[in-house]
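Colleague:
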Amino acid sequence: MSRVLVTGIANPAGSSLARQLKAKGHWVLGVDVLPTHRGVADVVSIVSPPDAPGYLWELRGLVAKYGTEILIPTMSAELVVVSEARDDFAPGVRVVIADPAPVKAAQDKYFTMTCLAAAGVSVPKFGLPSALGSVHDAMDSLGGPLVVKPRISRDGRGIRLLDRTSDAGVRAAHFWASLDDSWMVQKFAPGTEYASAGFRHGQHTDPDDVLVVLEKAVGEATRSGSRTVQARKVQDPAGSDVAALAVSAAAALGLTGPFSVDIRRLQNGRPAVLEVEARFGMFSAHAPGLLDTVLHRSLKRHSIGLSA
1 MSRVLVTGIA NPAGSSLARQ LKAKGHWVLG VDVLPTHRGV ADVVSIVSPP DAPGYLWELR
61 GLVAKYGTEI LIPTMSAELV VVSEARDDFA PGVRVVIADP APVKAAQDKY FTMTCLAAAG
121 VSVPKFGLPS ALGSVHDAMD SLGGPLVVKP RISRDGRGIR LLDRTSDAGV RAAHFWASLD
181 DSWMVQKFAP GTEYASAGFR HGQHTDPDDV LVVLEKAVGE ATRSGSRTVQ ARKVQDPAGS
241 DVAALAVSAA AALGLTGPFS VDIRRLQNGR PAVLEVEARF GMFSAHAPGL LDTVLHRSLK
301 RHSIGLSA
């Protein structure tokens, strides 16, 4: 049995990992900025936001108090700072995250798109608000409806679709006027959406690398008005164009360890990368081999995600 600290326990990615770990017989300390149901983990603790000066020391204090051996960060806002502290985080603690440089590349969504496009990896047309003029200019330049999102992920919050089909773009123009270059803009990809969850052992292909491709579908609306997201595993992911694209994206950024890639098909049917994250995603339970790989490697190495 391992003792594991999982951050972001109030979010789908963290709570899913905690449940998987407990089902495998491991002891779990769950932490988050937000209160959450205490049954998700063996112990739940509230911590400061990741940008607080003492955030890392709070985690180190919890590691020392509860004797945890593995730290798995899942909150987008903490990934860079945890990665930078990974190698000397605490004696005997394995931190499950990639090197700082690729984590930073994945953290800034505009920089992610720039790096992938330069490497020849398929992405939607994209840009920054300041370079695209008005919302109507942006739609004309990129070729259709737009998706706008914060450059630094807020764990999926803040993403908006802008079009001009219902009111000639009045609401889109109003929202556009509030944007600055802390946001990025992508052409909307209307086709099937996929979530790819993977683990890379190093910078070169390894037979033990793991990748699962999931097709996403929006479910029925809940009482709160939000819609559930369902996923089903794509058969033979190794032979799919989506799987090849996900691996190419992670490799282009230099990511090792766990990663997730959101992909959607363009109007012509070609898949394109929407974003990449250097962490376990919300659908990791559909790919149990990911967590098994982490636990197995944690027995051998001081830090998950180091280049081979």
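Just so you know, the sequence shown maps onto residues 1 to 308 in our numbering.
Cβ atoms here follow ideal geometry from the backbone N, Cα and C, with glycine treated the same way.
At what residues does the alpha helix (DSSP H) containing R265 begin and finish?
Modeller: Premise fails: R265 lies in the beta strand (DSSP E), G257 to R265, not in any alpha helix (DSSP H).
Colleague: Do L291 and Q20 count as a contact pair if the criterion is CB distance below 8 Å?
Modeller: yes
Colleague: Can the beta-carbon of D42 be found closer than 8 Å to that of G14?
Modeller: No, these two residues do not count as a Cβ contact at 8 Å.
Colleague: Over what stretch of residues does the beta strand (DSSP E) that includes A195 continue unbroken?
Modeller: E193 to R200
Colleague: Grab the span of the alpha helix (DSSP H) containing R60 for me, first residue to last.
Modeller: Y55 to Y66
Colleague: Which residue wins for smallest C-alpha separation from D99, given the options G127, P190, R279 and L29?
Modeller: R279
Colleague: Starting from M184, trace the beta strand (DSSP E) in both directions and tell me its first and last residue.
Modeller: Here the beta strand (DSSP E) through M184 covers W183 to K187.
Colleague: Considering P149, what are the terminal residues of the beta strand (DSSP E) in which it resides?
Modeller: Reading off the sequence, residue 149 comes out as Lys, not Pro. Its beta strand (DSSP E) spans residues L146 to P150.
Colleague: Do three or more CB pairs link the region 82 to 93 to the region 108 to 115 at distances below 8 Å?
Modeller: no
Colleague: According to DSSP, is G39 helix, strand or coil?
Modeller: helix
Colleague: When you compare each of A243, T68, V294 and G133 to R264 by their alpha carbons, which one comes out closest?
Modeller: A243
Colleague: Alpha carbon to alpha carbon, how far is V213 from G254?
Modeller: 20 Å
Colleague: Taking the DSSP output, what are the residues bridged to S134?
Modeller: Per DSSP, none; premise fails for S134.
Colleague: Can you check which of these residues, S45, V28, Y66 and A77, is closest to A52 by C-alpha distance?
Modeller: A77
Colleague: Rounding to the nearest angstrom, what Cα-Cα distance links V276 and A252 in this structure?
Modeller: 11 Å
Colleague: Is it true that the region 122 to 135 meets the region 170 to 184, where meeting means three or more beta-carbon pairs spaced less than 8 Å apart?
Modeller: Below 8 Å, enough C-beta pairs join the region 122 to 135 and the region 170 to 184 to call them touching: three or more.
Colleague: What's the gap between the Cα of G61 and the Cα of P190?
Modeller: 46 Å
Colleague: Within this structure, are the beta carbons of S260 and V121 separated by less than 8 Å?
Modeller: no
Colleague: Between which two residues does the beta strand (DSSP E) harbouring V4 extend?
Modeller: R3 to T7
Colleague: With DSSP run on the structure shown, which of helix, strand or coil describes V81?
Modeller: helix
Colleague: Take the Cβ of R297 as the centre, count every other Cβ of all protein chains shown within 10 Å, and call the residue buried at 16 or more, exposed below.
Modeller: buried
Colleague: Okay, do the region 143 to 161 and the region 192 to 210 touch, 3+ Cβ pairs below 8 Å being the bar?
Modeller: no
Colleague: Which runs of the alpha helix (DSSP H), 4 residues or longer, sit entirely within the region 81 to 131?
Modeller: 100 to 107 and 109 to 118
Colleague: In three-state terms, what does DSSP make of A52?
Modeller: Looking at A52 - three-state DSSP - the assignment turns out to be coil, as it is neither helix nor strand.
Colleague: Under a Cβ-count criterion, where at least 16 other Cβ atoms within 10 Å of its own Cβ denotes burial, should M1 be classed as buried or exposed?
Modeller: exposed
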